[in-house]
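Protein sequence lines, in the order shown, are assigned to chains A and B.
Residue numbers for the first sequence follow the working numbering, beginning at 1241 and rising by one.
Residue numbers for the second sequence follow the working numbering, beginning at 8 and rising by one.
In this text, a Cβ means the ideal position worked out from N, Cα and C, and glycines have one as well.
Reading through the structure tokens given below for one structure.
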Amino acid sequence: MTARVAVFSGIEDARAIKLLQTLKSLFPGTRLKHVATAASYILDAELGPKELEHIAERLTNNLTERFSIGETAVPEPYSYAIEVGYLPGVTDNLGATVQETIEDTIGRKFRSGEAVYSSLFIFLIGDVSREDTQAFASELHNPLIERATVFKKGERFPVVVPKVELHESAKADEVDLNVSDAELVKISKEGILGRGPLALSLEAMKTIRDHFKKLGRAPTDVELESLAQTWSEHCKHTIFNDPLDEVKEGIYRRYIKGATEEIRKQKGKRDFCVSVFKDNSGAIAFDKDWLITHKVETHNAPSALDPFGGSVTAIVGVNRDCLGFGLGAKPIGNTYGFCVADPHDARALFRDKEKKQSLLPARRILEGIVRGVNAGGNESGIPTLLGFVAVDPSFRGKPLVFGGTVGLIPRRLPRSDLGRLSYEKRARPGDYIVMIGGRVGLDGIHGATFSSEALSKGSPATAVQIGDPITQKKLSDALIREARDAGLYNSITDNGAGGLSGSVGEMSREAGGCIVDLEKVPLKYAGLAPWQIWLSESQERLTLAVPKKKWTAFKKIMDRHDVEATCIGEFTKSSSCVVRYRGKTVMDVSLSFLHDGRPVNIQKSTQPKGRTFESSQGPTLTSLDLSRAILEILARPSIGSISFISQQYDHEVQGNSVTKPLQGKGRVNADAAVIKPLFNSERGVVLAQGYMPWYSEVDTYAMAAAAIDTAVRNAICAGASRDYLAILDNFCWSSSEKPERLYELKQAAKACYDVATAYGTPFISGKDSMFNDFRGFDAKGNHVHIAALPTLLISSIGIIPDVANSMTIDFKTVGDSVYIIGETNDELGSSEYAKCQGVTFPQVPIVDAKRNTKAYDAISKAIRQGLVVSAIGVGRGGLAVALAKSAIAGQLGTRLNLVGVLGNAHRADSILFSESQGRMLISVRHDRESDFERACQGVTLTRIGEVAEQESVLVELPGTKIEVSLSELTESYRSFFKLW
Amino acid sequence: MVKPHVIIFSGYGLNTEDETKAAFESVGATADIVHLNDIIARPAVLKKAQVIVFGGGFAYGDHTGAGKAYGNKVRHHLGEAIEEFLARDTLMLGICNGFQIITSAGFLPGALIANDSPRYNCRWVDLEVQNDGPWLKGITTLSVPIAHGEGKYYASLSDMALLSKVKGVALTYVEGEMCKHFDMPVNPNGSLENIAGITGYNGRVLGLMPHPERAVRFTQLPHWTLLRERYIRERKPLPKEASGLRIFRNAVQYFHGK
């Protein structure tokens, strides 16, 4: 039986008004007058009429809302209506909550197959046509996950039940690999029976064929899919791990892990690393009793298809890297980073030649991504502390969506097991394999192999998942508040890429084997084939190893928290991964072959042809032009305020905030954040980020070096010190099959080693995403390839002894002296200024780590000694932007002279806009000047003027002088996203 | 002297229990975080408490309307137990999602609906105290953060009249230190009559959208690094606390001498 309950507002509805405004701004000239909405719930369950009445009452706030049962009540004079609902199988969080409310109302659980499906009705009031309505509808839904139906007034609204009906046979098939090489390649590219790419090399396909030949049987589809997942670039990071040119051990071992090992050795007793590169997150010591973890992930390809779902998943997914660290860390802070195209970028792009599958417009991608992290972070009760938007046309095909999570975990678990170390875990033979959290559906099948491929027509729509933060919050509470400290499990890991095949596969290495019964896995809907259950990336799941005698106690906790927990098998010491389905063995692969059988790929790189840049330096700008250039740069989306994001992400929850995402009276986005994780300790955690993808146009070594330098510098300016600072790397590359791109990768990795070891900042965790390419068609049907700029995001994390010494970027008092630390050199290559003016310059900034080391240590010390009033790292946009930000933040003017600034930049524009690394802009109390200068002995430093009473920034430059009013600066800085 | 015991409800997406517990404990209360299902299973636990708290969060993701699903569940399973609890000389607090929950459950009048600018908004606000019930006694103004998408207080005309008659309006948004300093609008969500919080049961039940538990230490203030400079220049010691703590201290004071 199905019934519809609709709930609509009985009073003025701000959301409908907002929707009207949105449509009016997208369709200027529309004759739309009003919009009304109604939430519709299709209840596909056996319910009596009395029950329905009760349910509808419970779903309605009788003060502000009304309901209808059966027909959807309509506002009187509407002309058209649009219904937006989900496609079958798409996560419907609202539907799930309604179902729980109904179950609580009627006092019984839904039967298997019964469910609630939500949709939204939008009634259009005004003189609009069917065509207008169609155009609105296409703005208001994403056809990959949603359906939108248009109704003329009077047309009945049919009841749509988007139930998943699967017809694929729910059994395992054998796959014949005794075929030609061409056929093997085809199977790998299109998948078994065209199910979606395995993304295995021919070499790997042959290795698998030969392995099973030796065993005297054909592999099952479960086995082949499982091997493809386990061996995928996404899971095994083959490009970083396999030999590249002379680097036989692979660039990860030599340059990333190698840097960490060397730094830890040098640090000796002062080494703060506790668990690096081996768990879901990296961990450093916070104090003698606590550890801090950090992990940053990307979720790029799915965010191109469904920006909202993709970015929710990015953030709740990386939260699980925190929950899955050691025996479970508590998430205490999120970070984000969005590399996107300019939202005004109007290029129309299609995934297919027929132009039926268009890419979402750039604006909708950014809107969706922003909204996704809002839902994911806010609903999880984790403060979002820090983030950025970086814009480049190369991010139009695939945006880069970074999500990071900082965690807190006691070094030793209380009570249980005599203070067992929290960061060590090992599944033991005989432990139950327990899956907790969400149920399994078709979501995210082939996610791991999909993200190892370029985004193109064949990209599977099931690769999209939508996170459910509340299900995850429930399991987080159950684990972190109760089960962990009661010592009820031996190991835990996230179900991320590859789903159960990944998590159980990994954990069985700890125990020495496993046996799984797939029919025990709870499903969202019936009819999944065994390989789908094993590989599904349905969200909000963790896998645990629970000792048999603790299972009852464990299950009881999960039940009380309303978290589904299911025992799906047992860890063994058989040395094999065995999977059964309804009693039949569908997978039996030795752990050694599963994990180490992958053929090594010998990679060769080629140096790209030298790029030549016309050293056309552009015309010399007059003071008027320079003032305008400053205002223009502040109005660019990579530089200007993203307060609309900072303010919609809760950064105060958990009460740990010390310095805010928006700083100073003028609310300027900061490049670092400080939190105080424990209520009873003054110690703090400093977080910062560094990214300079634009320099990859010239030199990826310089790009990577600048990213590290920026992340370190921004942390220093917030109060961190180099001797207690760690970093994380996130490589996002494109076209990584090309030898030229591999060369650039090697250069970037080398820079990581060189700069990290020079600063003594160890890498503690990292991740890579190697194929951020879009291959499709433009409006004329011509083939288009968009490759994202090679991008390295460095996230830094440091510990400080007392948060009271934290530093912010705002100028604070008239009369304070302003200093610039470091050399300003003529390094305008790929700078924001160059982009803004449309000019090219040859030289990108080169990091002088040895010199910067001294400067960073001096500033750390000066901040600790209370000699510094404000500090900001000079980054994108150069000195002009740093100055403007400190001035806008403080709402205070300056009187400065940059003529004598040290370094080889001599032209006025070069001094203002060069992005030379290692520089900091500092303000100091007038009476502490000499103390400050003493603390900075041996450091390149120039006193450039003071904070002034006048409400303008005045700067003297070689041969010219500029003055820009604070109000103009503030207005420009806030202009780009003003209406967002 | 009685050390009051606080029970903080949890579960289904509530998320500010830890900092709320810390705030109460720092002023001398004892506090436990208890899952809603555990209280439903044993409502008698409420008999040992002097204070119960519904804190902030996203119960059930706010999916059918903020606080609705959790509020319904509370009313349905614990309505009587909480009325019994309130029949004693006890206190109840609903912060943010908790305020939405206790209005949905009918313990306070009115409703919290979508902000006029219907987006989640996290910022600091200034509040003026309008009554002198146990929670707010002796406080005149305070500055604390908000973080919500559905915080606009709405009530029928008759409820508004009743509120004003019984002095039920407890906290209003006013132009104070934060609004002036950061040049931000006074009323962050369009609340009727700038209402930020109301009380019932003779002031013993307080519901408010702002988060006092996030404004308990000096270094939580959004402009504390500027204030630090001022204190240093005036050669004054830095304060330790922020104004939100006084609400928790009041709750503990209430039970002193009882």
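**Item:** Contact list for PRO1709 (chain A) against chain B, beta-carbon separation under 8 Å
**Value:** GLY20, PHE65, GLY68
**At least 3 beta-carbon pairs within less than 8 Å: the region 2007–2020 of chain A vs the region 1614–1622 of chain A** = no
**Prompt:** What do you get for PRO1289 (chain A), buried or exposed, if any count of 16 or more other CB atoms within 10 angstroms of its CB means buried?
**Reply:** exposed
**Of the residues A:SER2070, A:SER1867, A:THR1825, the one placed nearest TYR1935 (chain A), counting alpha carbons only** = A:SER2070
**Prompt:** Looking at chain B, which residues of the region 1274–1305 of chain A have a Cβ within less than 8 Å of any of its Cβ atoms?
**Reply:** ALA1279, ARG1298, LEU1299, ASN1301, LEU1303, THR1304, GLU1305
**Message:** Suppose the cutoff is 6 Å on Cβ atoms and the five residues either side in sequence are ignored; what does the same chain contact list for CYS186 (chain B) look like?
**Reply:** ASP133, VAL193
**Prompt:** Does any CB atom of chain A fall closer than 7 Å to the CB of GLU236 (chain B)?
**Reply:** With 7 Å as the cut-off, GLU236 (chain B) counts as an interface residue toward chain A.
**Asked** SER1699 (chain A): buried (16+ other C-beta within 10 angstroms of its C-beta) or exposed?
**Response** Any reading at SER1699 (chain A) needs caution, since the residue's pLDDT is 47, under 50, leaving its predicted position unreliable; the model's value is listed next. In summary, SER1699 (chain A) is buried, with 16 or more beta-carbon neighbours lying within 10 Å of its beta-carbon over all protein chains present.
**Message:** Helix, strand or coil for MET167 (chain B)? Go by DSSP, reduced to three states.
**Reply:** helix
**Message:** Check whether the region 191–208 of chain B and the region 168–182 of chain B are in contact - that is, three or more C-beta pairs closer than 8 Å.
**Reply:** Verdict: yes, contact present.
**Item:** Residue of A:GLN1705, A:SER1975, A:ASP2050, A:THR2031 minimising C-alpha distance to LEU1327 (chain A)
**Value:** Measuring C-alpha to C-alpha distances from LEU1327 (chain A) to each of A:GLN1705, A:SER1975, A:ASP2050, A:THR2031 identifies A:GLN1705 as the nearest.
**Message:** Tell me the DSSP secondary structure of GLU2072 (chain A) in three-state form.
**Reply:** helix
**Request:** Leaving out five residues on either side along the sequence, give the residues of the same chain with a beta carbon under 6 Å from the beta carbon of ARG1255 (chain A).
**Result:** If we look at ARG1255 (chain A) and ignore the five residues flanking it on each side, it has no Cβ neighbours.
**Message:** For CYS1992 (chain A), report the span of its beta strand (DSSP E) as first-last.
**Reply:** Looking at the DSSP string, CYS1992 (chain A) is not in any beta strand (DSSP E); the run it does join, the alpha helix (DSSP H), is 1979–1999.
**Chain-ordered residues of the region 1910–1942 of chain A with a beta carbon less than 8 Å from chain B** = For the region 1910–1942 of chain A, the set of positions with a beta-carbon nearer than 8 Å to some beta-carbon of chain B reads LYS1916, PHE1919 in chain order.
**Prompt:** Listed from N- to C-terminal order along the chain, which residues in the region 113–146 of chain B have their beta-carbon within a distance smaller than 8 Å of any beta-carbon of chain A?
**Reply:** GLY117, ALA118, ILE120, ALA121, ASN122, ASP123, SER124, PRO125, ARG126, TYR127, ASN128, CYS129, ARG130
**chain B contact for ASN1618 (chain A) (CB, 7 Å cutoff)** = Chain B has a Cβ within less than 7 Å of the Cβ of ASN1618 (chain A).
**Prompt:** From which residue to which residue does the beta strand (DSSP E) around ASP2018 (chain A) run?
**Reply:** 2013–2018
**Request:** Express the C-alpha separation of ALA1602 (chain A) and LEU1223 (chain A) in angstroms, rounding to a whole number.
**Result:** Outside the shown range of chain A (1241 to 2220) lies residue 1223 (chain A), about which nothing can therefore be said.
**Request:** Check whether the region 1313–1326 of chain A touches the region 1347–1364 of chain A, taking contact to mean three or more Cβ pairs, one atom from each stretch, closer than 8 Å.
**Result:** yes
**Request:** Let me know the secondary structure DSSP gives HIS1294 (chain A) once reduced to three states.
**Result:** The three-state secondary structure of HIS1294 (chain A), taken from DSSP, is helix.
**Request:** Could you tell me which chain A residues have their CB closer than 8 Å to the CB of TYR161 (chain B), listed as they occur along the chain?
**Result:** Neighbours of TYR161 (chain B) on chain A, chain order: ILE1251, LEU1303, THR1304.
**Item:** Cβ pair VAL60 (chain B), ILE15 (chain B) closer than 7 Å
**Value:** yes
**Item:** MET1798 (chain A) versus PRO50 (chain B): straight-line alpha-carbon distance, rounded
**Value:** 20 Å
**Request:** Can you grab the Cα-Cα spacing for the pair THR37 (chain B) / PHE31 (chain B), in whole Å?
**Result:** The C-alpha of THR37 (chain B) lies about 7 Å from the C-alpha of PHE31 (chain B).
**Asked** Would a check of beta-carbon distances place GLY2254 (chain A) closer than 7 Å to chain B?
**Response** Here chain A comprises residues numbered 1241 to 2220, so residue 2254 (chain A) is not present and cannot be evaluated.
**Item:** 7 Å Cβ cut-off: residues of chain A touching LYS75 (chain B)
**Value:** Going along chain A in sequence order, the residues near LYS75 (chain B) (Cβ under 7 Å) are ASN1301.
**As assigned by DSSP and simplified to three states, the class of HIS84 (chain B)** = helix
**Prompt:** What residues of chain A sit near ASN194 (chain B), judged by a beta carbon separation below 7 Å?
**Reply:** Within chain A, no residue comes near ASN194 (chain B); the closest Cβ sits about 13 Å away, beyond 7 Å.
**CB contact below 7 Å: GLY1895 (chain A) versus chain B** = yes
**Prompt:** In chain order, which beta strand (DSSP E) runs of at least 3 residues are fully inside the region 1465–1531 of chain A?
**Reply:** 1513–1515, 1522–1525
**Message:** Which residue marks the beginning of the alpha helix (DSSP H) containing LEU1740 (chain A), and which one marks its end?
**Reply:** 1739–1751
**Prompt:** Alpha carbon to alpha carbon, what distance is there between LEU93 (chain B) and GLU1607 (chain A)?
**Reply:** 46 Å
**Request:** Could you tell me which chain A residues have their CB closer than 9 Å to the CB of GLU220 (chain B), listed as they occur along the chain?
**Result:** GLY1895
**Request:** At 4 residues or longer, and completely inside the region 1772–1804 of chain A: list those alpha helix (DSSP H) runs for me, N to C.
**Result:** The region 1772–1804 of chain A is shown to contain whole alpha helix (DSSP H) runs of 4 or more residues at 1791–1800, in chain order.
**Item:** Segment contact, 8 Å Cβ cut-off, at least three pairs: the region 98–107 of chain B with the region 210–220 of chain B
**Value:** yes
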